[in-house]
Amino acid sequence: MSENAAKDQLPGGEVLVDFEWLRECTDNDTDAIKSLLDLYFDRTAKLLGELDVAIASGRAEEVRRLGHACSGTSGTCGMVKLAPLFKELERIGATGTVDGAAAIATAVRSEFSQAKSFADGTVLG
Amino acid sequence: MKKILIVEDEPVIATIYRNKFVRAGFAVEVAVDGAEGLQKIASWQPDLVLLDIMLPRINGLELLRKIRSDEATCSMPVIVYSNSFTATIADEARSLGASQMLSKSDTRPNQVIEYASALLELNTTAADPQPQPERDREICLTQARSTVREMREMLRACLQQNDSAMLSDLRQKTRLLSTMAWQADVHRVARLAEGLEALLRTLCEHPKYITFSTDKSILQTVICLGELMNSVEEASIPIVAPSILIVDDQEIALHAAQFALNHARLPSTGILDSESAARVLENSWFDLVLLDIDMPVIDGMALCAYMRTLPHHKDTPVVFFSQLSEIAHRIGSSAAGGNDFIGKPFLSIELTVKALTWIVKPRGPVLSSV
């Protein structure tokens, strides 16, 4: 395992943020990675607030739209755990209901917090 | 007579440089890989080394490290010539002590001789008493054409057998094509091949990023390279400041796309909302438009359909990018007048290659994106 790959994982080998992907996308430019992640965590935190409101008020189309937006940006930023969760929210919203969305949103918040801590401890720290 | 060692694994490239240096009055030896290079540096003791980076056995960076760590050769001038898409490798070569970094995209063989002469404090820039530029160009063009044919065959086999290991061979061929095209001044082929090589390098190093989208991008690029080699005159026109519009309501995706293109010297205009984009399209001309599909108010497909009603955008290439990678959307994007499709998330180098392909592509009918 390369030095970089080792640093990119949690002690158990779990990958929260695909830094290999980020390095490829920025030609290994640390400043560009920081800038992208700063933007991601800032924007996504705001969208999570909107997501909670949309779920609480039963607005399925809004849940779909927010899930779609966050899934795309999570993929772009190498958030390997978060992207599929947002994708699931998009799928739920597309069915016209918000059934099960609250539980997924809780999981999203937990993963988001872990990913942010992990990023803070590596490139953003 | 000063001695030049060329460390280059592609015999055609090595021959061109060897002939140039010999005509300029140098003694020349060629090593076909890093290990042979190391051995010849010790036994032949050249005055200067012209070093390719991507070499078998011992790569150029490792060889440079060995040269600099040996007391006998630590101050030997070493010119490293590289591909401009591999900026990190170039940076590493610089930090290892390359005397001169030359980009294949910006340097002709005569300039290499000038740099070598300067490093050796010689005045041989007026040399080359028997210039043979036309003959050299013909050799390069012939080699480039046959290389593109070989690439198509390799890619066909690679896709049929679903063998990602063959991408490495394809990458080697692409690198050869890029160099031949630069030598022959077929700028568009050279730049596109350079980008494709960088994409193939990434996929060889990280096979997990191989997707249907990357396969399709590689295939289209190889086809485009073949088309360009059939119209060498057009393909020799340098790419000058293409205008690219990107429309995506997701700020991060837009930021990433603009960063990727800008990094490849393809500046772009980014717009976050499709209504503003429609107004800009009414009044501006673009070489390429990249559209997200799922956007509020006017979605990407509707915007594309509107573009097609504007006479100056009837034939402008449109590439959709979206995470909506289902087949239905691909059909929909073609029906709306789109030319191509790239799946999100995309590698920045894939987007670059995709953009370059559509910028340099000889204009023809709309391709199906399915």
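So the sequence lines, in the order shown, correspond to chains A and B. Numbering-wise (this note's numbering), the first sequence opens with residue 1146 and increments by one. Numbering-wise (this note's numbering), the second sequence opens with residue 108 and increments by one. Each residue gets a CB set at the ideal place from its N, CA and C atoms; glycine is no exception. Values in this document were obtained by computation on a predicted structure and should not be read as measured data.
- By the Cβ-count criterion, ARG386(B) is exposed, with fewer than 16 other Cβ atoms from all chains shown falling within 10 Å of its own Cβ.
- Per DSSP, GLU178(B) lies in no beta strand (DSSP E) segment and is marked neither H nor E.
- Contact with chain A is found for ALA367(B), since one of that chain's Cβ atoms lies less than 9 Å from the residue's Cβ.
- Across the structure, ILE359(B) and GLU1256(A) are spaced so that their CA atoms are roughly 19 Å apart.
- Identification of chain B residues near ALA1190(A) by a Cβ-Cβ cut-off of 7 Å yields none; the smallest Cβ-Cβ distance measures about 13 Å.
- When DSSP states are grouped into helix, strand and coil, GLN207(B) belongs to the strand group.
- Between ILE160(B) and ILE113(B), the C-beta gap is not smaller than 9 Å, which leaves the two residues out of contact.
- Within chain B, no residue has its CB atom less than 8 Å from the CB of THR1251(A), the nearest being about 23 Å off.
- Contact annotation: GLY167(B) and LEU158(B) have beta-carbon atoms nearer than 9 Å.
- Per the C-alpha coordinates, the member of PHE1164(A), LYS1261(A) and SER1202(A) positioned closest to GLY1238(A) is SER1202(A).
- The beta carbon of CYS1215(A) sits closer than 7 Å to those of THR1189, LEU1192 and PHE1231, all from its chain and outside the five residues before and after it, given in chain order.
- Taking 9 Å as the CB threshold, THR1175(A) stays off the interface with chain B.
- Counting only the Cα atoms, GLY141(B) lies some 33 Å from SER343(B).
- Against chain A, the CB of GLU358(B) has a partner CB under 9 Å away; the residue lies at that interface.
- Taking the beta carbon of GLN146(B) as reference, no residue of chain A falls within 9 Å; the closest one sits roughly 29 Å away.
- For SER150(B), the enclosing alpha helix (DSSP H) starts and ends at 141-151.
- Taking a cut-off of 8 Å on C-beta distances, the stretch 286-298 of chain B does not touch the stretch 311-322 of chain B, as fewer than three cross pairs fall below it.
- Inter-residue distance for ILE330(B) and ASP270(B) is about 19 Å (C-alpha atoms, whole angstroms).
- If you ignore the 5 residues before and after MET261(B), its C-beta comes within less than 8 Å of the C-beta of MET273, ASP276, LEU277 and LYS280, all in its own chain and listed in chain order.
- Judged by DSSP secondary structure, ALA1190(A) falls within the alpha helix (DSSP H) whose first and last residues are 1175-1201.
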